[in-house]
Amino acid sequence: MLKSKFEDLITFLDNKKIIISTHHLVDIDGLVSCFTLKIFLNQYLKNNEICIYFSELSKSAKNFLKNFSAKFPVFNLSYKKKFHGSKAEILLILDTNNLDQIMLDDDSNINLLKIPYIFIDHHYFKEKSDNKNLNITSLNIIFEDYSSTAEIILQLFETYNIPLNNPLKILFISAILIDSGFFKHGDNNTIQNVGKLLCEDIQFQDIRALLKNDIDISEKIAKIKGLQRLELIREGKYLIGITNVSSFGAAVASMLITIGFDVSIVISKESKFSRINTRARKKICEETGLNLAKILEQISEKYEGNGGGHDGAASLTIDNESDYNITELVENIKKYL
Ligand SMILES: [Mn+2]
1 MLKSKFEDLI TFLDNKKIII STHHLVDIDG LVSCFTLKIF LNQYLKNNEI
51 CIYFSELSKS AKNFLKNFSA KFPVFNLSYK KKFHGSKAEI LLILDTNNLD
101 QIMLDDDSNI NLLKIPYIFI DHHYFKEKSD NKNLNITSLN IIFEDYSSTA
151 EIILQLFETY NIPLNNPLKI LFISAILIDS GFFKHGDNNT IQNVGKLLCE
201 DIQFQDIRAL LKNDIDISEK IAKIKGLQRL ELIREGKYLI GITNVSSFGA
251 AVASMLITIG FDVSIVISKE SKFSRINTRA RKKICEETGL NLAKILEQIS
301 EKYEGNGGGH DGAASLTIDN ESDYNITELV ENIKKYL
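In the numbering used here, the protein residues as written are 1 to 337.
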């Protein structure tokens with residue numbers, strides 16, 4: 001089934017001009033998925049014009065790119081910072097299935113460009129009516145149970161028996177490790193995928209070193225302030241933590257789970273919008289059916305926000321003028337606990 005899905009996609013892409021892209025503040029999974037997909041397509045589709053567009057890299061992705069390039073200076077990791085929409089016949093959007101997460105360099109709305117697009121992703125997917133006609137949904141490849149998008153691309157290489165050299169293997173391992181939280185959110189497949197990529201020349205500890213990220217002082221301060229402002233809600237045997245910080249909301253939300261909360265909610269208020277990052281312990285999602293992505297998606301529909309993610313890690317961006325109140329989210333979460 002998977003092979004026929006891949007085949008449909010590749011047949012469709014033949015002879016088309018392609019732009020590959022991913023969400024704003026590109027993370028390591030987004031970065032690796034785009035580069036590796038381009039390498040795959042270049043081997044397979046000989047006559048295509050393919051380019052990668054990134055709006056802005058996250059700090060960890062920048063750091064990874066720097067470390068990786070130092071190790072493999074000739075490996076081609078070029079991408080465009082300008083979105084040449086007029087040159088594209090099809091857009092491949094990786095590691096997100098939300099068009100609002102694609103940022104164009106001139107701030108224009110991607111929907112207005114009228115380029116058809118296909119998602120290749122591992123986040124919770126809900127079909128939206130507003131952009132249905134431009135998304136070729138029959139060609140989307142979305143596996144919500146995969147721990148990374150990179151594993152979908154890895155499967156493409158495997159299905160078509162394209163051998164992987166060491167730099168490619170290292171790229172895949174890095175993306176899988178990061179997105180699975182070093183297997184914390186993964187399953188047997190995640191571990192097996194990494195296991196088969198590791199070899200004599202590729203040592204696990206060397207990859208850890210490649211992914212090492214120094215935490216800068218602003219992130220430390222955000223975490224400490226997040227703790228100072230923390231409110232604890234107890235629901236039976238479960239603990240929910242709510243706090244607010246101006247930046248590093250995702251990191252603060254993850255930290256709250258590490259220190260003992262079952263669910264965390266972190267609000268980051270900006271001038272026009274608020275961003276809400278949520279996390280939940282994997283075991284609780286499995287036990288109770290809690291799915292943060294679904295809850296945030298529902299709220300975003302009701303208040304015209306923008307939400308999505310996974311069952312145990314999701315976010316919502318919402319207009320400060322809307323009637324939305326955080327207690328609605330808390331109440332929705334409590335229903336499952
Ligand atoms: Mn991902």
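C-beta atoms are modelled at their ideal positions from N, C-alpha and C, and glycine is treated no differently.
Own chain residues within Cβ distance below 7 Å of residue i, not counting five before or after
{"i": "G249", "result": "V266, S268, R275 and N277"}
{"i": "G294", "result": "It should be pointed out that residue 294 corresponds to Lys in this sequence rather than to Gly. Closer than 7 Å at Cβ, skipping near neighbours: Y124."}
{"i": "L139", "result": "D8, L9, F12 and I118"}
{"i": "Y336", "result": "T288, G289 and L290"}
{"i": "L239", "result": "L232, G260, F261 and D262"}
{"i": "S180", "result": "S147, S148, G186 and T190"}
{"i": "K5", "result": "I141"}
{"i": "L197", "result": "K169, F172 and I173"}
{"i": "A253", "result": "S264, V266, N277, T278 and R279"}
{"i": "E219", "result": "F248 and A251"}
{"i": "F204", "result": "L198"}
{"i": "N193", "result": "E151, L154 and I176"}
{"i": "H310", "result": "H123, Y124 and A293"}
Terminal residues of the beta strand (DSSP E) in which residue i lies
{"i": "Y117", "result": "Y117 to D121"}
{"i": "A314", "result": "A313 to D319"}
{"i": "L94", "result": "I90 to L94"}
Bridge partners - residue i, DSSP secondary structure assignment
{"i": "K184", "result": "According to DSSP, K184 bridges with nothing at all."}
{"i": "C51", "result": "I19"}
{"i": "V263", "result": "I240 and A280"}
{"i": "N135", "result": "Y117"}
{"i": "R234", "result": "L239"}
{"i": "N306", "result": "T317"}
{"i": "F273", "result": "D319"}
{"i": "K80", "result": "Y53"}
{"i": "V26", "result": "L57"}
{"i": "C338", "result": "Nothing in the structure corresponds to residue 338, since the chain is present only between 1 and 337."}
{"i": "S268", "result": "R275"}
{"i": "I142", "result": "D121"}
Close Cβ partners of residue i (< 6 Å) along its chain, the five nearest in sequence each way excluded
{"i": "L296", "result": "G307, A314 and L316"}
{"i": "K16", "result": "E89 and I90"}
{"i": "Y324", "result": "Y303 and I318"}
{"i": "T243", "result": "G226, R229, L230 and V266"}
{"i": "I136", "result": "P116 and I118"}
{"i": "S33", "result": "L94, D95, T149, A150 and I153"}
Unbroken alpha helix (DSSP H) run spanning residue i, endpoints
{"i": "N166", "result": "N166 to D179"}
{"i": "N331", "result": "Note that residue 331 is Glu in the sequence shown, not Asn. Run containing E331: I326 to K334, per the alpha helix (DSSP H) assignment."}
{"i": "L13", "result": "L2 to L13"}
{"i": "I153", "result": "A150 to T159"}
{"i": "S247", "result": "Looking at the DSSP string, S247 is not in any alpha helix (DSSP H), and its letter there is neither H nor E."}
{"i": "L227", "result": "I217 to Q228"}
Beta-carbon separation (whole angstroms), residue i vs residue j, contact threshold 8 Å
{"i": "N166", "j": "I202", "result": "6 Å"}
{"i": "L92", "j": "I115", "result": "Going by Cβ atoms, the distance from L92 to I115 rounds to 11 Å, so no, they are not a contact pair."}
{"i": "M255", "j": "K223", "result": "5 Å"}
{"i": "I215", "j": "I28", "result": "Not really, about 16 Å apart at Cβ, beyond 8 Å."}
{"i": "E235", "j": "K334", "result": "5 Å"}
{"i": "F35", "j": "L77", "result": "6 Å"}
{"i": "I162", "j": "F75", "result": "At roughly 16 Å, the Cβ-Cβ gap does not stay under 8 Å, so I162 and F75 are not in contact."}
{"i": "P329", "j": "G312", "result": "First, the amino acid is wrong: residue 329 is Leu here, not Pro. 15 Å between Cβ atoms; not a contact."}
{"i": "D14", "j": "L37", "result": "At roughly 15 Å, the Cβ-Cβ gap does not stay under 8 Å, so D14 and L37 are not in contact."}
Neighbourhood of residue i by C-beta, 8 Å cutoff - its chain only, sequence neighbours within 5 removed
{"i": "L134", "result": "N111, K114, I115, P116 and Y117"}
{"i": "T258", "result": "none"}
{"i": "I326", "result": "I242, I265, I267 and I276"}
{"i": "L57", "result": "L25, V26, L31 and L65"}
The segment 4-21 touching the segment 38-56, judged by at least three CB pairs closer than 8 Å: yes
If you pair each beta-carbon of the segment 90-105 with each one of the segment 277-289, do three or more pairs fall below 8 Å? no
Closer than 8 Å is the cut-off here; do at least three beta carbon pairs connect the segment 144-154 with the segment 99-110? no
Check whether the segment 62-78 and the segment 42-50 touch, using three or more Cβ-Cβ pairs below 8 Å as the test. no
Check whether the segment 149-160 and the segment 169-185 are in contact - that is, three or more C-beta pairs closer than 8 Å. yes
Within 8 Å, do at least three Cβ pairs link the segment 102-113 to the segment 75-83? yes
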